[in-house]
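Okay, structure first, notes after.
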Amino acid sequence: MFLECILFITEMKTGPFAEHSNQLWNISAVPSWSKVNQGLVRMYKAEVSEGEGEMSVVSPDPACNSCLASHSNILD
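Mapping of the sequence shown onto full-length UniProt numbering: position 70 corresponds to residue 70, and the numbering continues sequentially without gaps.
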């Protein structure tokens with residue numbers, strides 16, 4: 001899922017990846033994919049699913065929305 005989102009973003013945006021998608025660029029330096037997955041799921045749960053409905057799962061970036069929609073079963 002992560003790599004699919006990276007590919008989609010690189011196809012849609014221009015310029016240095018580290019500048020337009022800094023958080024994703026930083027995630028790529030994490031030593032193991034299990035840590036990346038754990039961290040992303042923890043962030044999602046803290047920001048969206050446990051936020052008492054205050055935030056929606058809609059991002060201003062269509063790449064994120066597309067990835068979330070196609071992989072929403074991962075968080076169940």
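For every residue, glycine included, the Cβ atom is placed at its ideal position computed from N, Cα and C.
Quantities reported herein were computed from a predicted structural model and do not represent experimental measurements.
Of the other Cβ atoms in all chains shown, fewer than 16 fall within 10 Å of the Cβ of Ser-49; this residue is therefore exposed. When secondary structure is reduced to three states using DSSP, Thr-10 falls in the helix class.
A buried status is given to Ser-21, since no fewer than 16 other beta-carbon atoms sit within 10 Å of its beta-carbon. Per DSSP, Lys-45 lies in no alpha helix (DSSP H) and is assigned neither H nor E. Judged by DSSP secondary structure, Ala-29 falls outside any alpha helix (DSSP H); it is assigned neither H nor E.
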